[in-house]
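Asks:
Residue numbers (UniProt numbering), protein chains in the order written: chain A, 1 to 495; chain B, 1 to 495.
Right under this line is the structure:
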């Protein structure tokens with residue numbers, strides 16, 4: 001399998017940076033090479049030795065180095081947003097074994113023999129913020145969490161339909177029918193494993209960062225190829241799309257303060273006092289009379305945690321931040337229950353800084369974060385306050401499933417995964433156009449997917465002679481995986 | 001405009017019921033004919049007198065009577081689920097005036113003169129449960145709430161783009177730019193008005209039912225034609241679809257315990273204790289140390305209202321209700337953060353009755369309700385307990401917008417709105433097939449939309465010679481509106 005991954009930073013609008021010696025990626029977070037990650041180059045067997053990408057740049061010399069724990073092709077130049085790279089990535093083979101053999105430590109030999117139940121492939125991009133620590137931890141940890149989660153349910157994953165009981169024991173003769181009526185399929189177990197793995201990884205990052213006195217967070221975009229399906233799990237603002245000859249299909253959605261406005265506002269939604277009817281709370285209900293908060297809790301809008309804002313922010317959204325001159329006027333606003341807009345008379349509390357403020361790429365949660373899902377950030381607080389960001393952040397990804405086996409695959413069908421820097425300046429259609437113009441003419445080139453990834457990044461650097469000819473410029477780091485689907489379509493797992 | 005609305009109950013599989021004298025629709029809820037509702041028959045001007053539908057049945061004599069407050073064509077036979085009809089409907093013209101003229105009571109004459117800023121059309125279906133009271137109140141009230149909400153923002157609705165300030169006053173010169181950057185359009189104000197109107201109506205129903213010692217709730221599906229757009233607002237399990245020659249487009253989604261599982265489970269989501277790291281809650285944070293609940297509140301999963309279940313239910317979903325034999329085994333489950341499935345070891349608390357139980361049409365919230373959004377139900381409790389349903393129910397609708405002016409309308413393009421009884425036995429495709437086979441051959445018939453509505457209901461009665469030939473049977477009440485779009489496409493509003 002030959003997948004290309006590139007991350008470069010060019011000086012926007014200016015000349016390409018001169019080659020620099022690679023910086024050490026040393027970090028207070030101890031580096032461990034994950035054992036399950038095998039080489040996933042174009043060769044057939046596992047390749048434990050790190051590979052030098054040997055990529056040939058398309059238009060300019062590309063300098064960088066291979067990530068030792070990344071068995072795919074990689075090219076990195078530090079973006080200097082922090083001393084170490086904030087973007088991190090991982091890819092490799094995913095070997096799922098039976099879990100009843102005991103602890104991993106006792107079963108070292110298993111990695112080398114054929115007890116694997118399933119083999120898949122794994123690609124992940126982590127876009128860090130507030131330092132590289134969370135992204136590095138995620139790149140070193142998430143695949144282990146996922147493997148553990150998958151191994152815990154693997155008997156269900158390899159069954160035609162997951163059994164009600166993992167033991168195979170049947171309490172009711174109609175158990176298979178219940179499972180069938182619920183429509184539970186093997187892929188639902190993989191989705192569940194991805195969801196749990198993200199949460200587990202988030203907890204690990206929280207513990208490790210705290211223990212080492214570090215901070216930070218990262219987005220996570222993961223693709224897993226397993227049993228003829230491609231699972232894409234996303235928490236953050238990276239994006240994956242499927243590009244085929246006649247089709248562009250988004251495989252992920254972005255999670256930002258704007259797209260998750262209602263969920264975030266709901267967390268601090270205050271019950272409208274005029275809507276409270278004390279009669280609605282039964283005096284016979286013990287939990288309703290115990291304390292006032294629980295009275296509110298028995299009404300539907302009672303997601304009452306205004307304390308999270310410490311009186312510093314307003315939950316409401318306005319077209320701009322309000323000022324004194326707006327007091328008493330009716331201005332456009334919306335609250336957590338609204339997808340539409342309405343007008344309200346401005347009160348003094350509306351002048352506070354908004355929970356979600358800014359527009360598009362400038363939108364920020366509590367004036368601090370541009371994403372609303374991701375890993376880490378357990379210690380992150382609003383500047384000069386004790387207001388925590390974490391209660392508003394979710395580590396749970398959204399998972400989409402692409403049934404690769406059902407596609408009539410062409411050799412040029414690929415999935416493009418990239419961090420937000422690419423999508424800031426290139427639309428899905430522009431990326432697809434670049435893919436379609438590049439691949440067919442380079443069929444004989446074994447490095448064409450790597451070169452395509454590099455070319456995509458180059459297209460964001462505002463050269464007039466760039467493939468899009470529109471001179472767009474990205475000021476952000478960009479990391480790109482190009483995953484050819486043709487090889488994924490033929491089931492390569494051991495089962 | 002000729003829209004057809006029919007609601008019939010046939011004895012499933014058996015002969016059609018013999019004609020019965022119409023039952024009185026007397027109800028403890030006082031009936032008021034809403035003043036704004038004008039006749040919306042095929043005639044051109046307002047027709048305040050109720051119209052006799054004069055519908056010609058397609059295959060069998062249809063008995064019934066016109067709803068006096070429904071100016072469209074209507075046909076009702078009591079379904080005998082309760083003494084009075086549980087399904088209710090309303091349709092008519094919607095006249096939006098400037099609100100600065102004063103209270104409605106002082107401005108009676110306005111209804112008869114030309115001070116209206118906007119004219120639209122309104123159709124609504126309410127599927128009651130636990131008695132007809134909530135549905136009757138909704139049919140008598142919701143349009144008034146909507147009119148009030150629209151009148152409060154009408155200057156913004158008729159503007160090219162809503163102004164930041166309703167007064168037209170401009171505090172910042174760049175205010176129009178802020179509104180444009182947020183992408184706020186006139187239609188967002190209509191969506192906001194619909195959302196607020198549903199909530200206001202829900203509060204009115206709560207108060208009125210309590211005052212009259214009645215109970216019950218209802219779903220609500222509303223279509224509003226305004227300024228060349230059709231707004232469809234849905235709270236419950238009714239459905240609206242657009243049917244054109246080459247297109248079927250869903251205009252609503254159903255809200256049931258199954259489709260809203262995660263939202264409902266989240267309300268009683270209990271923080272996983274093993275995930276709580278006390279270090280994550282800063283001791284300096286005053287709100288974190290005030291009381292234990294607020295410590296939980298500072299973590300993202302702290303939607304902690306297990307009290308709502310009073311220890312009687314389990315929040316988790318399993319393929320079937322668990323029993324003693326399942327104890328200690330690993331069974332399929334999912335929690336609020338999961339769209340996928342996983343396995344868990346069954347504990348004693350998992351044997352409780354599930355918060356959401358059953359499959360498909362049998363799925364129930366707290367063993368009681370089949371819908372998760374709607375109006376009313378303020379007093380509804382789980383049988384023999386004090387557990388309230390209302391905290392889990394939302395009155396907020398989901399609103400979709402159909403830009404009718406952008407469609408190249410054909411004479412046979414219609415919107416079909418119906419309560420769940422129709423969709424239980426007919427798919428969108430089957431309904432579309434019936435529409436397409438019926439309308440073109442009946443172009444000269446002025447009652448063809450009413451007859452189509454009647455024919456759709458007839459098709460659910462399991463006759464082998466029915467248009468679908470599949471002998472499907474509905475055991476539920478069915479109410480249907482067929483709204484021809486051709487007349488809606490030409491803006492008929494006064495602005």
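Just so you know, even glycine gets a beta-carbon here, dropped at the ideal spot from N, CA and C. Here the structure is a predicted model, which means the values were calculated and not measured.
I'd like to confirm the pairing. Which residues does DSSP put opposite residue 234 of chain B in its beta bridges?
Replies: Start at 1 with the first residue of the second chain, and residue 234 of chain B comes out as number 234. Partner(s): B/221, B/398.
Asks: Starting from residue 346 of chain B and walking both ways along the beta strand (DSSP E), at which residues does that stretch end?
Replies: In the second chain, residue 346 of chain B corresponds to position 346, counting from 1. Here residue 346 of chain B belongs to no beta strand (DSSP E), and DSSP marks it neither H nor E.
Asks: Mind pulling the chain B residues with CB within less than 7 Å of residue 191 of chain A?
Replies: Stepping through the first chain from its first residue, residue 191 of chain A is reached at position 191. Under the 7 Å cutoff, chain B gives 339, 340.
Asks: Assuming contact is defined by CB atoms lying nearer than 9 Å, are residue 128 of chain B and residue 217 of chain B in contact in what I supplied?
Replies: In the second chain, counting from the first residue as 1, residue 128 of chain B sits at position 128. In the second chain, counting from the first residue as 1, residue 217 of chain B sits at position 217. Going by C-beta atoms, residue 128 of chain B is nearer than 9 Å to residue 217 of chain B.
Asks: I'd like to check one pair, residue 171 of chain A with residue 96 of chain A: are the Cβ atoms closer than 9 Å?
Replies: Position 96 of the first chain holds residue 96 of chain A. Position 171 of the first chain holds residue 171 of chain A. No, they are not a contact pair.
Asks: To the nearest whole angstrom, what separates the beta carbons of residue 255 of chain A and residue 427 of chain A, a pair I think is in contact under 8 Å?
Replies: Along the first chain, one-based indexing puts residue 255 of chain A at 255. Along the first chain, one-based indexing puts residue 427 of chain A at 427. About 19 Å separates the two Cβ atoms, so there is no contact after all.
Asks: DSSP on residue 239 of chain B, reduced to helix/strand/coil?
Replies: Counting from 1 along the second chain, the entry for residue 239 of chain B is found at position 239. Residue 239 of chain B: strand per DSSP, three-state reduction.
Asks: Report the rounded CA-to-CA distance for residue 414 of chain A versus residue 484 of chain A, giving the unit in angstroms.
Replies: Position 414 of the first chain, counting from 1, holds the residue named residue 414 of chain A. Position 484 of the first chain, counting from 1, holds the residue named residue 484 of chain A. If you take the alpha carbons of residue 414 of chain A and residue 484 of chain A, they lie about 4 Å apart.
Asks: Is any beta-carbon of chain B found at less than 9 Å from that of residue 217 of chain A?
Replies: Translated into positions along the first chain, residue 217 of chain A becomes position 217. Judged by the 9 Å Cβ criterion, residue 217 of chain A is not in contact with chain B.
Asks: Quick check: the Cα distance between residue 239 of chain A and residue 419 of chain A, rounded to an integer number of angstroms?
Replies: Start at 1 with the first residue of the first chain, and residue 239 of chain A comes out as number 239. Start at 1 with the first residue of the first chain, and residue 419 of chain A comes out as number 419. In a straight line, the C-alpha of residue 239 of chain A is about 6 Å away from that of residue 419 of chain A.
Asks: Got a sec, what are the start and stop residues for the beta strand (DSSP E) residue 479 of chain A sits in?
Replies: By one-based count along the first chain, residue 479 of chain A stands at place 479. Run containing residue 479 of chain A: 478-484, per the beta strand (DSSP E) assignment.
Asks: Would you say the stretch 134-142 of chain B touches the stretch 245-254 of chain B, given that touching needs at least three Cβ pairs under 8 Å?
Replies: They do not touch, by the three-pair rule.
Asks: Should residue 167 of chain B be flagged as near chain A, meaning a C-beta pair shorter than 9 Å?
Replies: Sequence index remark: in the second chain, residue 167 of chain B carries index 167 (1-based). Chain A, which has a Cβ nearer than 9 Å to the Cβ of residue 167 of chain B, makes this yes.
Asks: Along chain A, in chain order, which residues have C-beta atoms closer than 7 Å to that of residue 326 of chain B?
Replies: Counting from one through the second chain, the residue named residue 326 of chain B turns up at place 326. Near residue 326 of chain B (Cβ distances below 7 Å), the residues of chain A are 171.
Asks: I want to verify the contact list: residues of chain B whose CB lies under 8 Å from the CB of residue 334 of chain A, in sequence order.
Replies: Translated into the one-based positions of the first chain, residue 334 of chain A becomes position 334. Within chain B, the residues near residue 334 of chain A are 192.
Asks: Taking the alpha carbon of residue 312 of chain B as the point to measure from, which residue in B/416, B/268, B/242, B/444 has its own alpha carbon closest?
Replies: Here residue 312 of chain B is taken as the residue at index 312 of the second chain, counted from 1. It is B/268 whose Cα lies nearest to the Cα of residue 312 of chain B.
Asks: If distances are taken between C-alpha atoms only, which option among B/473, B/486, B/460, B/370 comes closest to residue 408 of chain B?
Replies: Within the second chain, numbered from 1, the residue matching residue 408 of chain B stands at position 408. Measuring from the Cα of residue 408 of chain B, the nearest candidate turns out to be B/486.
Asks: To which residues of the same chain is residue 195 of chain A closer than 8 Å at the C-beta, ignoring the five residues directly before and after it?
Replies: Numbered from its first residue, the first chain carries residue 195 of chain A at position 195. Same-chain partners within the cutoff: 233, 396, 397, 399.
Asks: Pick out whichever of A/156, A/265, A/141 has its Cα sitting closest to the Cα of residue 204 of chain A.
Replies: Numbered from 1 along the first chain, position 204 holds the residue referred to as residue 204 of chain A. It is A/141 whose Cα lies nearest to the Cα of residue 204 of chain A.
Asks: Let me know the secondary structure DSSP gives residue 154 of chain A once reduced to three states.
Replies: By 1-based counting over the first chain, the position of residue 154 of chain A is 154. Reduced to three states, the DSSP call for residue 154 of chain A is helix.
Asks: Give the secondary structure of residue 97 of chain A by DSSP, where H, G and I count as helix, E and B as strand, and everything else as coil.
Replies: Locating residue 97 of chain A in the first chain gives position 97, where the first residue counts as 1. Here residue 97 of chain A sits in strand by DSSP.
Asks: Under 9 Å, Cβ to Cβ, is there at least one residue of chain B near residue 199 of chain A?
Replies: On the first chain, residue 199 of chain A is found 199 positions in, with the first residue counted as 1. With 9 Å as the cut-off, residue 199 of chain A counts as an interface residue toward chain B.
Asks: What residue does the beta strand (DSSP E) around residue 248 of chain B start on, and which one ends it?
Replies: Locating residue 248 of chain B in the second chain gives position 248, where the first residue counts as 1. Start and end: 248-250.
Asks: Any beta carbon from chain B within less than 9 Å of residue 182 of chain A's own beta carbon?
Replies: By one-based count along the first chain, residue 182 of chain A stands at place 182. By this cut-off, residue 182 of chain A is an interface position.
Asks: For residue 229 of chain A, count neighbouring C-beta atoms within 10 Å of its own C-beta (all shown protein chains included) and say buried if the count is 16 or more, exposed if not.
Replies: Locating residue 229 of chain A in the first chain gives position 229, where the first residue counts as 1. Counting Cβ neighbours within 10 Å, residue 229 of chain A comes out buried, since at least 16 surround it.
Asks: Pick out the complete alpha helix (DSSP H) segments inside the stretch 369-393 of chain A, 4 residues or longer, and give them in chain order.
Replies: Qualifying alpha helix (DSSP H) stretches: none in this window.
Asks: What in chain B is Cβ-close to residue 162 of chain A, meaning under 9 Å?
Replies: In the first chain, the residue the question calls residue 162 of chain A occupies position 162. Neighbours of residue 162 of chain A on chain B, chain order: 332, 341, 343.
Asks: Using a Cβ-Cβ cutoff of less than 8 Å, which residues in the same chain neighbour residue 165 of chain A once the five nearest sequence positions on both sides are dropped?
Replies: For the purposes of this step, residue 165 of chain A is taken as residue 165 along the first chain, with counting starting at 1. Only 171, 175 meet the Cβ criterion.
Asks: Taking all protein chains shown into account, do 16 or more other C-beta atoms lie within 10 angstroms of the C-beta of residue 552 of chain B, making it buried, or fewer, making it exposed?
Replies: Only positions 1 to 495 of chain B appear in this structure, which leaves residue 552 of chain B out of reach.
Asks: When burial is assigned at 16 or more other CB atoms within 10 Å of the CB, is residue 120 of chain A buried or exposed?
Replies: Numbered from 1 along the first chain, position 120 holds the residue referred to as residue 120 of chain A. Buried, by the Cβ-count rule.
Asks: If you draw a straight line from the alpha carbon of residue 227 of chain A to that of residue 92 of chain A, how long is it in whole angstroms?
Replies: Translated into positions along the first chain, residue 227 of chain A becomes position 227. Translated into positions along the first chain, residue 92 of chain A becomes position 92. Cα-Cα distance, rounded: 16 Å.
Asks: Residue 191 of chain A bridges to which residues according to DSSP?
Replies: As a first step, residue 191 of chain A is located in the first chain; it is residue number 191 there, counting from the start. In the DSSP output, where bridge partners are listed per residue, residue 191 of chain A has none listed.
Asks: Tell me which residues share the same chain as residue 251 of chain A and place their Cβ nearer than 7 Å to its Cβ, disregarding the 5 neighbours each side in the sequence.
Replies: Start at 1 with the first residue of the first chain, and residue 251 of chain A comes out as number 251. For residue 251 of chain A, where only same-chain residues beyond five positions count, the Cβ hits under 7 Å are 232, 240, 241, 242, 400, 402, 415.
Asks: Per DSSP, which one or two residues make a beta bridge with residue 213 of chain A?
Replies: The residue given as residue 213 of chain A occupies position 213 in the first chain. None; residue 213 of chain A has no bridge partner.
Asks: Assuming residue 461 of chain B and residue 473 of chain B are in contact, meaning their beta carbons sit under 8 Å apart, how far apart are those beta carbons, in whole angstroms?
Replies: What you label residue 461 of chain B is simply residue 461 of the second chain in a count that begins at 1. What you label residue 473 of chain B is simply residue 473 of the second chain in a count that begins at 1. Residue 461 of chain B to residue 473 of chain B, Cβ: 7 Å. Contact.
Asks: Ignore the nearest five residues each way along the sequence and tell me which others in residue 178 of chain B's own chain have a CB closer than 7 Å to its CB.
Replies: Looking up residue 178 of chain B in the second chain gives position 178. Closer than 7 Å at the Cβ level, and outside the excluded window around residue 178 of chain B, lie 164.
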